Amino acid sequence: MKRTLTFLFCFSISGIFAQVYTPLPLQNGAWLQGLLGLIGPMYQAQIPGSDTIIGGQTYTNFYPSQPVISNWFAIRETPGHQVFIQYNGAPTEFLLYDFNLNPGDTFLCEACEYLYAQTCEWKLDSIGFLTFGGITRFAYYFTSLSPNYGGQQDVWIQGIGSTKGLSYAAVPDFPDNIHVLGCFEQAGEIIFTQPTGPPDPCALLTNISERQELVMNFLQQQNSGILWNSSKFKIHGVVTDLLGQITYSFNGLESGKNLALPLTKGINCITIQGENGQNWTKKAWVD
Numbered sequence: 002m003k004r005t006l007t008f009l010f011c012f013s014i015s016g017i018f019a020q021v022y023t024p025l026p027l028q029n030g031a032w033l034q035g036l037l038g039l040i041g042p043m044y045q046a047q048i049p050g051s052d053t054i055i056g057g058q059t060y061t062n063f064y065p066s067q068p069v070i071s072n073w074f075a076i077r078e079t080p081g082h083q084v085f086i087q088y089n090g091a092p093t094e095f096l097l098y099d100f101n102l103n104p105g106d107t108f109l110c111e112a113c114e115y116l117y118a119q120t121c122e123w124k125l126d127s128i129g130f131l132t133f134g135g136i137t138r139f140a141y142y143f144t145s146l147s148p149n150y151g152g153q154q155d156v157w158i159q160g161i162g163s164t165k166g167l168s169y170a171a172v173p174d175f176p177d178n179i180h181v182l183g184c185f186e187q188a189g190e191i192i193f194t195q196p197t198g199p200p201d202p203c204a205l206l207t208n209i210s211e212r213q214e215l216v217m218n219f220l221q222q223q224n225s226g227i228l229w230n231s232s233k234f235k236i237h238g239v240v241t242d243l244l245g246q247i248t249y250s251f252n253g254l255e256s257g258k259n260l261a262l263p264l265t266k267g268i269n270c271i272t273i274q275g276e277n278g279q280n281w282t283k284k285a286w287v288d
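Adding 1 to a residue's 1-based position in the sequence shown gives its number in the numbering used here.
Structure, rendered in structure tokens:
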């Protein structure tokens, strides 16, 4: 397991900041984010899927390995170093990260009102350096300004995301609901890990990634359909809409066969069962 950590010091010169900016690896990254507390530890892998266009903007789809924690979401990063997220069913996108902030600036968690019906504001205390995966990255240290959350802290690392989890930036922790980024991999290499919960969260991420690759990576969005190319075993499955109504089903698809799944507009939920009885769920957005 490779993890390199160098010393931290404060930094705020915007010129150099612009030169060394590290974007999120939305094509070959893998995140393991979790919830600790009364319902945990419970972890899910966040593995990027195909790109999709929503409202004229191109996003990268993320399909959770554990739907209990969160639903489908999509992320896009702008040339101006801002990251936006679109949640399943949300009326609009939300600003998730803003890497243009300077110490003393505040950041409002736009998604918090939608997710938790609460307002949560953060103050950027300082910007420092951390080195992970051989890359020196800027780290942003925030403290919550919301009185309900007692000065909680969050750390954003360029090219990795929040130490709370990729999609949990600026989200407050609750007594029974603590957010944590357990592991981050890029191109199969372990870059960052926080050993909370399971003894080796990166091993858990690898296991989930391999399991998803075995089945889910054969799903490729093609216009209004999904193409399945199974070379492993027979599968069964259904496609449902947001109301849970079955729009399509298939049974006993043989190895090596292709199946175009007709999808309806909006969110489609594809549930697949393998011969071993294990289920996989993937969501697809159709404009």
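For each residue, glycine too, the CB sits at the ideal point set by N, CA and C. None of these values were measured; they are calculated from a predicted model.
8 Å Cβ cutoff met for residue i and residue j
{"i": "G50", "j": "N62", "result": "yes"}
{"i": "Y60", "j": "A46", "result": "no"}
{"i": "F85", "j": "A171", "result": "no"}
{"i": "W123", "j": "L96", "result": "no"}
{"i": "D126", "j": "P148", "result": "no"}
{"i": "E186", "j": "G30", "result": "yes"}
{"i": "Q195", "j": "L182", "result": "yes"}
{"i": "L102", "j": "Y141", "result": "yes"}
{"i": "F139", "j": "Q159", "result": "yes"}
{"i": "C121", "j": "Y98", "result": "no"}
Identity of the residue in the options nearest residue i by Cα
{"i": "Q153", "options": "G38, F175, A91 and L206", "result": "F175"}
{"i": "Y169", "options": "K283, I54, Q187 and W32", "result": "W32"}
{"i": "T93", "options": "Q83, P104, Y115 and E78", "result": "Y115"}
{"i": "I268", "options": "G90, L102, F139 and S163", "result": "G90"}
{"i": "E78", "options": "L25, I54 and Y150", "result": "L25"}
{"i": "D52", "options": "Y88, Q28, I273 and N252", "result": "Q28"}
{"i": "Y117", "options": "L102, D155, P173 and Y44", "result": "P173"}
{"i": "E111", "options": "T207, Y88 and F130", "result": "Y88"}
{"i": "G245", "options": "I271, D201 and F251", "result": "I271"}
{"i": "K284", "options": "W73, P42, Q58 and I54", "result": "W73"}
{"i": "L131", "options": "D106, T164 and C113", "result": "T164"}
{"i": "G129", "options": "C113, V156, G135 and D106", "result": "V156"}
{"i": "F133", "options": "Q83, C184 and Y249", "result": "C184"}
Supposed contact pair residue j and residue i - C-beta distance, whole angstroms, cut 8 Å
{"i": "Y22", "j": "F100", "result": "7 Å"}
{"i": "A34", "j": "G166", "result": "According to the sequence as given, residue 34 is Gln; it is not Ala. With a Cβ gap of about 3 Å, Q34 and G166 count as contacting."}
{"i": "I192", "j": "I161", "result": "7 Å"}
Helix, strand or coil at residue i [DSSP, three-state]
{"i": "S145", "result": "strand"}
{"i": "E94", "result": "coil"}
{"i": "C203", "result": "helix"}
{"i": "A112", "result": "helix"}
{"i": "F12", "result": "With a pLDDT of 37 at F12, under the threshold of 50, the modelled position of that residue is not reliable, and no figure is offered here."}
{"i": "L25", "result": "coil"}
{"i": "L243", "result": "coil"}
{"i": "L264", "result": "coil"}
{"i": "L102", "result": "coil"}
{"i": "L228", "result": "Confidence in L228 is poor, its pLDDT being 43 and thus under 50, which makes the residue's placement unreliable; the coordinate value appears in the next sentence. Correct three-state label for L228: strand."}
{"i": "Q222", "result": "Summary for Q222: the model assigns pLDDT 38, below 50, so the residue's position carries little reliability; its value from the coordinates is reported in the next sentence. Looking at Q222 - three-state DSSP - the assignment turns out to be strand."}
{"i": "K258", "result": "Below a pLDDT of 50, predicted positions are generally treated as unreliable, and K258, at 48, falls in that range; the measurement from the model is reported next regardless. Reduced to three states, the DSSP call for K258 is coil."}
Are the segment 25 to 38 and the segment 166 to 181 touching, with three or more C-beta to C-beta distances below 8 Å?
-> Judged by Cβ distances under 8 Å, the segment 25 to 38 makes contact with the segment 166 to 181, as three or more pairs qualify.
Spell out a yes or no on whether the segment 235 to 248 and the segment 261 to 271 are touching, meaning 3 or more CB-CB pairs, one atom from each, closer than 8 Å.
-> Contact between the segment 235 to 248 and the segment 261 to 271 is present, because at least three Cβ pairs lie under 8 Å.
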